[in-house]
Amino acid sequence: MSGNHYQVELEQQPIELYKLLKIADLVSGGGEAKMLISQGYVYLNDEVETQKRKKIYHGDIIAFNGDIIELICHQAPTEIVKTPKPRSAKPPENKPRKRHKPSGNKANTGNTNKRKDEAPTPTNGRRRTIKF
Numbered sequence: 004m005s006g007n008h009y010q011v012e013l014e015q016q017p018i019e020l021y022k023l024l025k026i027a028d029l030v031s032g033g034g035e036a037k038m039l040i041s042q043g044y045v046y047l048n049d050e051v052e053t054q055k056r057k058k059i060y061h062g063d064i065i066a067f068n069g070d071i072i073e074l075i076c077h078q079a080p081t082e083i084v085k086t087p088k089p090r091s092a093k094p095p096e097n098k099p100r101k102r103h104k105p106s107g108n109k110a111n112t113g114n115t116n117k118r119k120d121e122a123p124t125p126t127n128g129r130r131r132t133i134k135f
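Heads up, our numbering is the position in the sequence shown plus 3, with the first residue counted as 1.
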């Protein structure tokens, strides 16, 4: 254990815990930082922290592997706040959908299997004979 005390100055706050460990060069990558945090090797303000994306603010103290990191930021926290979009007083109108219309050359003319020269024959409720 080295027992070093680092002060990390940032332009923006908050910063996520695993990113701070990467910036302080205490781990080789983000995956390693996330693994160590989830296993309980990182302390935030003298308490074990297991949230990988925990927001760290000015004045927070992180302890890891005997090293102590203090975050210093001269700018106020900048949180992104989502504001709901104002709703219009009038609900959107439902437009009628266009239906598929057959093209002009294939208009629905009824039974297309009949020969043009034959007149329709009455069936009288019976089946018709098939002509070849």
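Note that the Cβ used here is the ideal one computed from N, Cα and C, for glycine as well. Computed from a predicted model, the values in this text were never measured in an experiment.
Only counting the same chain, and skipping five residues up and downstream in sequence, which positions put a Cβ closer than 6 Å to that of residue i?
i: Phe135; result: none
i: Met4; result: Its pLDDT being 48, under 50, Met4 is placed unreliably by the model, and nothing is read from it.
In terms of residue numbering, what span does the alpha helix (DSSP H) encompassing residue i cover?
i: Tyr21; result: 20-26
i: Leu39; result: 33-41
Just curious, the beta strand (DSSP E) that residue i is in, first and last residue?
i: Leu74; result: 70-76
i: Glu12; result: 8-13
i: Val45; result: 45-47
Whose CA, out of the options, lies closest to the CA of residue i?
i: Tyr9; options: Thr132, Asn68, Lys98; result: Asn68
i: Ser41; options: Ser31, Ile71, Glu52; result: Glu52
i: Leu39; options: Glu14, Ala66, Leu13; result: Ala66
Just to confirm my understanding: we take residue i, look at its own chain, exclude 5 residues before and 5 after, and list those with CB closer than 8 Å. What are they?
i: Gly33; result: Tyr21, Lys22, Lys25
i: Tyr60; result: Gln16, Pro17, Leu74, Cys76, Pro80
i: Asn7; result: Gly69, Asp70, Ile71
Mapping the DSSP letters down to three states, classify residue i as helix, strand or coil.
i: Phe135; result: coil
i: Lys58; result: strand
i: Val30; result: coil
i: Glu96; result: coil
i: Glu52; result: coil
i: Gln16; result: coil
State the CB to CB distance for the pair residue i and residue j, rounded to an integer number of angstroms; the pair is presumed to be in contact (CB under 8 Å).
i: Lys37; j: Lys55; result: 5 Å
i: Ala27; j: Val11; result: 6 Å
So, at 7 Å on beta carbons, what are the nonlocal neighbours of residue i in its own chain, with the 5 sequence-adjacent residues on each side left out?
i: Asp63; result: Leu47, Asn48, Leu74
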